[in-house]
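In mature numbering (1 follows the signal peptide of the UniProt record, and there is no 0), the protein residues as written are -19 to -1, 1 to 110.
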């Protein structure tokens, strides 16, 4: 928890409230919702969903050994590659962002959950700077 002084008043705010300050431990907890369908480790097998290692450095729907839905393959041309902004929008409501996707997950409504998860994914999939 961080404390900010504004007009002489101490205001507490969560570290996860800011995109610049994600909480990796909380991101790991959020990923538990994803791990039934996805793996993160380099060389790990796909599950119901693709292995996510390298997801930020390859194109969307470009993992060669995974069959994506037609909807995701079509959307990939529009998106190009995953970044923090488009992934956050997708994770909020996958079916709205990619109508016709095979991903059954309803999404993450809390912005802090999306922020923390994306930071965790960047660290665990080889994209951390």
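We treat Cβ as the ideally placed atom computed from N, Cα and C, and that holds for glycine.
Residue of the options minimising C-alpha distance to residue i
i          : options           : result
residue 17 : 95, 8 and 27      : 27
residue 21 : 87, 75, 53 and 32 : 32
residue 65 : 97, 23, 12 and 19 : 97
residue 14 : 53, 85, 50 and 55 : 85
Test item: CB-CB of residue i and residue j under 8 Å
i          : j          : result
residue 36 : residue 82 : no
residue 95 : residue 72 : yes
residue 57 : residue 43 : yes
residue 34 : residue 23 : yes
residue 88 : residue 67 : no
Boundaries of the alpha helix (DSSP H) in which residue i is found, first to last residue
i         : result
residue 9 : 5 to 12
Nearest-angstrom beta carbon gap, residue j and residue i [assumed within contact, 8 Å]
i          : j           : result
residue 8  : residue 100 : 5 Å
residue 79 : residue 62  : Contact flag wrong, Cβ pair sits at about 15 Å.
The ligand GTP heavy atom lying under 7 Å from the CB of residue i
i         : result
residue 8 : For the ligand GTP, the structure offers nothing, since it holds no ligand at all.
- prompt: Considering only residues of the stretch 47 to 99, which uninterrupted alpha helix (DSSP H) runs meet the minimum length of 4 residues and lie entirely inside it, listed in chain order?
  reply: 51 to 60, 65 to 73 and 75 to 78
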